[in-house]
Amino acid sequence: MKRRILPLFLIVGLLMGFTTACDEDAAVQLAIHEYFPGSQNAKAKRVAQCESGMNPNAVSPGGQNHGLFQINLVHRNTVQSMGYSWSQIYDPYVNARVARHIYDAAGGSWNPWGCRNA
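Count along the sequence shown starting at 1, add 476, and that's the number in our numbering.
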């Protein structure tokens with residue numbers, strides 16, 4: 477009996493891990509879609525893919541850029557003025573909303589991002 481239970485627990489554990497990863501991927505996709513709808517969506521996805529690999533927890537090697545769209549620390553006050561704490565920058569919805577704010581402030585341009593040509 478023990479021989480059958482162990483593989484069952486292993487399978488259930490693996491499936492739960494995949495579900496969590498799928499949920500995070502879905503949240504990332506929905507966040508980008510919410511703040512960059514329609515014709516802007518594909519470009520926003522390419523920028524996020526280039527900037528963070530679509531990882532909402534990404535931090536650049538130098539530690540200056542954070543989250544899905546790699547929001548730079550120079551935008552800390554902007555994040556706070558939008559009602560968020562800096563620690564919330566790893567939430568894909570917060571990060572995408574801040575990215576949208578930066579995008580709009582740049583005149584509807586991806587110029588603030590290194591991956592603007594993605």
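Note that the Cβ used here is the ideal one computed from N, Cα and C, for glycine as well.
What you are looking at is a predicted structure, and each value in this text was computed from that prediction instead of being measured.
Three-state secondary structure (DSSP) at residue i?
{"i": "Asn-587", "result": "coil"}
{"i": "Asn-533", "result": "coil"}
{"i": "Asn-517", "result": "helix"}
{"i": "Asn-571", "result": "helix"}
{"i": "Asn-541", "result": "strand"}
{"i": "Asn-548", "result": "strand"}
{"i": "Ser-528", "result": "helix"}
{"i": "Asn-593", "result": "coil"}
Using alpha carbons as the reference points, say which of the options lies closest to residue i.
{"i": "His-542", "options": "Ser-557, Ala-572, Ala-594 and Tyr-511", "result": "Ala-572"}
{"i": "Asp-567", "options": "Ala-518, Arg-592, Ala-582 and Val-535", "result": "Val-535"}
{"i": "Asp-499", "options": "Trp-586, Pro-532, Ser-585 and Gln-540", "result": "Pro-532"}
{"i": "Gln-540", "options": "Ile-565, Asn-517, Gly-529 and Met-530", "result": "Ile-565"}
{"i": "Gly-538", "options": "Met-530, Ala-502 and Leu-549", "result": "Leu-549"}
{"i": "Met-530", "options": "Ala-503, Ser-515, Gly-583 and Ala-581", "result": "Ala-503"}
Counting only the same chain and skipping the five closest in sequence on each side, list residues whose C-beta sits under 7 angstroms from that of residue i.
{"i": "Cys-526", "result": "Cys-591 and Ala-594"}
{"i": "Ile-578", "result": "His-551 and Pro-588"}
{"i": "Ala-582", "result": "Pro-588"}
{"i": "Lys-521", "result": "Ile-508"}
Which same chain residues, not among the five before or five after residue i, have their C-beta less than 6 angstroms away from its C-beta?
{"i": "Ser-557", "result": "none"}
{"i": "Asp-580", "result": "none"}
Would residue i and residue j qualify as a contact pair, given that the criterion is a beta-carbon distance under 7 angstroms?
{"i": "Ser-528", "j": "Gln-505", "result": "no"}
{"i": "Leu-544", "j": "Ala-524", "result": "yes"}
| Does the region 506-520 come close enough to the region 567-581 that 3 or more CB-CB pairs lie under 8 angstroms? | They touch, by the three-pair rule.
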